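Numbering (my numbering), first residue to last: 43 to 426.
Data first, discussion second: the structure below is written as structure tokens.
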């Protein structure tokens, strides 16, 4: 078993439920000789930035999080044991994402040792870790990048070692993510007796005339990188669960995972048309729309040096050409976009993330380490 797997076992044994750090950074720092360390703490969140200045005019950063979601009940093994069984390492964070952290920590350690022995010039290499990715994410990667900007230490390229693969290591890289727009539409009417509908203003009936223009509607056609931006209703509430009173108010909650082809302004304009149609049918109805963009879409171009080097590294080690995807939810990679940092996400398979008996194949962790070693070789050679 390689060092990266034994380090993963140790990392799992720290119960770092968001935002707890539990002293895990001390262990990680012990693997990074001759690195400079910056600790940034805010609102109970502990962040670590470790870097080693290089002679080349490029800066590459591995990014990740050491926090995990609570394990919950029903595990067949102790959730923070790091138990090794049948070629797997078990424990909360095994896939998401202490496997990625252990792989890039060991890869950096070994790559720097090899390069020093060969007297090769290198780019600046760094690690950014947070204990607040699974939570609100307010005081984690976002504030670290703000601080790095002030210190002129922002990377040019970054790889977030999130578990991206579906069936086998190497089958998927995330080159971007959709944004997320949350919305609430309130339709206010007038409550009344069901036997006298002429005296009521029924918001449910008002919605009925336009529901087909909200539920599941695609706001754009997508493109080669992004699926169409689609309105997904997440909740509807109104009335008092009785059969003889019409509701006073109806509230619809929805989410749109948006591509760059649909902006917050586009969504606002679209719903203005929907509301206008509601009011044409019932002028006394009052509609209130609230929209919030919690994250913006981003994309690293397929032909960028980072994506090309990572794809080639995966092909060299895993023997497969990865799919380039923007599917799924959001991640800390989104914070890089505001600083023009080319960013990608790549890690082990994600079939058991956030689930009971989370586990990862030891061979996957060791393979990820080899991919990261190859990526460091590829990027360093390119800019040498």
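Backbone N, C-alpha and C define an ideal beta-carbon position, used for all residues, glycine too.
In this text the structure is predicted, and so the values were computed from the model without any measurement.
Burial state of residue i (16 or more Cβ within 10 Å)
i	result
residue 342	buried
residue 227	buried
residue 97	exposed
residue 277	exposed
residue 241	exposed
residue 238	exposed
residue 286	exposed
residue 198	buried
residue 149	buried
residue 163	exposed
residue 196	buried
residue 289	buried
residue 384	buried
residue 43	exposed
residue 191	exposed
residue 167	buried
residue 145	buried
residue 135	buried
residue 51	buried
residue 339	buried
residue 380	exposed
residue 180	exposed
residue 114	exposed
residue 406	buried
residue 78	exposed
residue 34	Coverage of the chain is limited to positions 43 through 426, which leaves residue 34 absent and any answer about it impossible.
residue 326	exposed
residue 194	exposed
residue 81	exposed
residue 382	exposed
DSSP state of residue i mapped onto helix, strand, coil
i	result
residue 104	strand
residue 360	helix
residue 311	helix
residue 168	strand
residue 234	strand
residue 277	strand
residue 139	coil
residue 195	coil
residue 214	strand
residue 426	coil
residue 390	coil
residue 353	helix
residue 150	helix
residue 402	strand
residue 428	Limits of the chain in this structure are 43 at one end and 426 at the other, which puts residue 428 out of reach.
residue 44	coil
residue 78	strand
residue 240	helix
residue 119	coil
residue 92	strand
residue 220	coil
residue 53	helix
residue 346	coil
residue 132	strand
residue 341	strand
residue 246	helix
residue 179	coil
Per DSSP, the bridge partner or partners of residue i
i	result
residue 157	In DSSP, residue 157 forms no bridge with anything.
residue 85	Looking at the DSSP assignment, residue 85 forms no beta bridge with any residue, so it has no partner.
residue 384	199
residue 225	296, 333
residue 72	Partner(s): none; residue 72 has no beta bridge.
residue 207	391
residue 328	230
residue 110	59
residue 367	216
residue 8	Here the chain has residues from 43 to 426 only, and residue 8 is not among them.
Residue i CB to nearest heavy atom of the ligand COA below 7 Å
i	result
residue 340	Of ligands this structure carries none, so the ligand COA is not represented either.
| Is the region 84–102 close to the region 157–173, with three or more CB pairs under 8 Å? | yes
| Counting Cβ pairs closer than 8 Å, one from the region 195–214 and one from the region 355–371, do we hit at least three? | yes
| message | With a threshold of 8 Å, are at least 3 pairs of Cβ atoms found where one atom belongs to the region 366–382 and the other to the region 252–263? | response | no
| field | Sufficient close CB pairs (3 or more, under 8 Å) joining the region 242–255 to the region 193–208 | value | no
| Which runs of the beta strand (DSSP E) spanning at least 3 residues fall entirely within the region 254–306, listed in chain order? | 273–280, 291–300
| field | Inter-stretch contact at 8 Å, needing at least 3 Cβ pairs: the region 130–142 / the region 105–122 | value | yes
| query | Touching or not, the region 219–235 and the region 302–320, by the rule of three or more beta carbon pairs under 8 Å? | reply | yes
| If we count Cβ pairs, one from each stretch, closer than 8 Å, do we get three or more for the region 121–128 versus the region 65–74? | no
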